[in-house]
Amino acid sequence: MNCSRARTAGSTPGRPQRVPRTRRGSDRERSKVIPAKRNTDNVGRIPVEDHAFEVALSRGRAADVDLDSALTLFYGANRQDRARRLFQAAAQARDTALGRRLTLSAHLHMITRCALSPSCKYCSLSSSIPSVSDERSPLTLREVIAGARFAEKKGARSLVLVGGTDPDGSDERLRKIVARVRAVTDLDLAVDVGPSLSERTVRWLGRQSVSPIYCSMETIDEKVFAVAKPGDDLGARRRFMEMVERSGGHLGNVVMNGLGTPESLVRTLLESRRFPHTTHLHISTFHPVRGTPWARRRPASLRSSLKALAIARLAFPTLQLGLAEVGVENPRDFASVASQLAAGGGNTLAGVLVYKNLRIDHMERIRDQATSLGFEAS
Ligand code: SF4
1273 MNCSRARTAG
1283 STPGRPQRVP
1293 RTRRGSDRER
1303 SKVIPAKRNT
1313 DNVGRIPVED
1323 HAFEVALSRG
1333 RAADVDLDSA
1343 LTLFYGANRQ
1353 DRARRLFQAA
1363 AQARDTALGR
1373 RLTLSAHLHM
1383 ITRCALSPSC
1393 KYCSLSSSIP
1403 SVSDERSPLT
1413 LREVIAGARF
1423 AEKKGARSLV
1433 LVGGTDPDGS
1443 DERLRKIVAR
1453 VRAVTDLDLA
1463 VDVGPSLSER
1473 TVRWLGRQSV
1483 SPIYCSMETI
1493 DEKVFAVAKP
1503 GDDLGARRRF
1513 MEMVERSGGH
1523 LGNVVMNGLG
1533 TPESLVRTLL
1543 ESRRFPHTTH
1553 LHISTFHPVR
1563 GTPWARRRPA
1573 SLRSSLKALA
1583 IARLAFPTLQ
1593 LGLAEVGVEN
1603 PRDFASVASQ
1613 LAAGGGNTLA
1623 GVLVYKNLRI
1633 DHMERIRDQA
1643 TSLGFEAS
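Note that the sequence shown covers residues 1273 to 1650 in the working numbering.
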């Protein structure tokens, strides 16, 4: 699981749309966009010619996004007028593929403990401040049921059961929770406990119509991953995602902006093409949490997350895409709803977040905001 996820996720009614096959432009077109550069950490210093931006945007409109054109869009959109056009193209792609209907979901944290040691450097669990790390204390079964009922009462259609990563497995507890929540609510269910499940349980979840099964990669940059998540294993995450696909399940993924370079962010987004069963893809924006090893690290910019979101929409028009933020940790959280819709996000938004000692209900505000923007939210 990724503790900076929460804003958008959940299962989607009807047949989930998966990652489309890659379409490649001509070599002549590719030569007009900027070449992929390694370790380009400074977004503002990569110049993009008008013509190159236009070529990349027109390829984006045709869902023909490779790494070079994605980076051209990313850096080119540092200019306000280009960012506006990128967002408009992404919103148009979303409207064409999915329409303007939003499904409101809920997230329940944490249904299982996280056994990683040490904890991820950005995670509340690594905070030396007890009131912060306690936010991620596992819920009792009774609290899980109460949280699910609360979500349903508030009008959520789907519920993401979010927990920590346990390499020894969370199968038994997860099955018990899914069965109990199913017995007391009519919510569609999704799970996010990282690579903590056996293939047998993944297949069982499929039979229970629990979808998607999340496994957040955060970044495919192995060095950056090892620094940010010293107790985690990127290879185990990849293997788990492959196993979910082999089992016929649908995948959810979260990518974190702020872990590495813009190039590694874009590469990680486009990596979804390797997992054609992906139906949900979210971008979290690193925000420092008090008391953690990364408490003094500079936050990632919401604007760069929005650019990444718009590029992801052009690359994957039919996916459920959005920003993943945690309201209790990120004061910019609510403002991002309108921004992400304008940048092509949708069509599932989390309106309810339940933690051990905290319940957040944004349902009415999101409904009002979505309606005023011309969306129908249910
Ligand atoms: S420490 Fe565990 S719960 Fe926290 S972000 Fe890492 S995997 Fe998720």
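Quick reminder that beta carbons are idealized off the backbone N, C-alpha and C, glycines included. Treat the numbers as computed from the prediction; the structure is a model and nothing was measured.
query, result
"Exposure label - Gly1371; buried when at least 16 CB within 10 Å", "exposed"
"Cβ-based burial, Arg1259 [other Cβ within 10 Å; buried from 16]", "Outside the modelled stretch of the chain, which goes from 1273 to 1650, sits residue 1259, for which no answer is possible."
"Enclosing beta strand (DSSP E) for His1323 [first to last residue]", "Taken as a continuous stretch (DSSP letters only), His1323 belongs to no beta strand (DSSP E), being part of the alpha helix (DSSP H) at Asp1322 to Arg1333."
"DSSP three-state assignment for Tyr1627, whether helix, strand or coil", "strand"
"Assigned exposure category for Gln1612 - 16 Cβ within 10 Å defines buried", "buried"
"Of the listed residues Ala1349, Ala1610, Thr1557 and Val1404, nearest to Pro1571 (C-alpha basis)", "Thr1557"
"Span of the alpha helix (DSSP H) around Asp1464", "Where Asp1464 is concerned, there is no enclosing alpha helix (DSSP H), although the beta strand (DSSP E) it sits in stretches over Asp1460 to Asp1464."
"Beta-carbon gap between Ile1555 and Ala1596 smaller than 9 Å", "yes"
"DSSP-derived helix/strand/coil call for Leu1446", "helix"
"Opposing strand residues paired with Asn1379 [DSSP bridges]", "It is worth fixing the name first, because residue 1379 is His in this sequence and not Asn. Val1432 and Leu1625, per the DSSP bridge assignment."
"Gly1507, DSSP secondary structure in three states", "helix"
"Limits of the alpha helix (DSSP H) - the one that Ser1608 falls within", "Ser1608 to Ala1614"
"Between the CA atoms of Glu1326 and Pro1307 - distance to the nearest angstrom", "Residue placement at Pro1307 is poorly supported in this model, since its pLDDT is 49, which falls under 50; the coordinates are not used for a value here."
"Among His1381, Asp1406, Thr1375 and Lys1448, nearest to Thr1564 - alpha-carbon criterion", "Asp1406"
"Per-residue DSSP class, three states only, for Ala1387", "coil"
"For Arg1562, the three-state DSSP class (helix, strand or coil)", "coil"
"Beta-carbon proximity of Gly1616 to Leu1645, cut-off 9 Å", "no"
"Strand pairing of Ser1556, partner residues [DSSP]", "Met1528 and Ala1596"
"Any non-hydrogen atom of ligand 1 closer than 8 Å to Asp1505 Cβ", "no"
"Contact set for Val1404: own chain, Cβ-Cβ below 7 Å, skip 5 residues either direction", "Ser1396, Val1561, Arg1562 and Gly1563"
"Thr1550 - DSSP class collapsed to helix/strand/coil", "strand"
"Integer Cβ distance of Ala1500 from Tyr1394, believed to fall under 8 Å", "7 Å"
"Which listed residue (His1559, Lys1448 and Leu1339) has its alpha carbon closest to that of Trp1476", "Lys1448"
"Residue burial classification, Pro1402 (beta-carbon count within 10 angstroms, cutoff 16)", "exposed"
"6 Å Cβ shell around Glu1424 - same chain, five flanking residues per side excluded", "Thr1457 and Leu1459"
"Residue span of the alpha helix (DSSP H) that contains Ile1401, given as start and end", "Element bounds for Ile1401: n/a, residue is neither H nor E."
"Residue nearest to Ser1488 in terms of C-alpha spacing, selected from Leu1506, Leu1329, Ser1389 and His1379", "Leu1506"
"Rounded C-alpha distance that separates Thr1437 from Leu1523", "16 Å"
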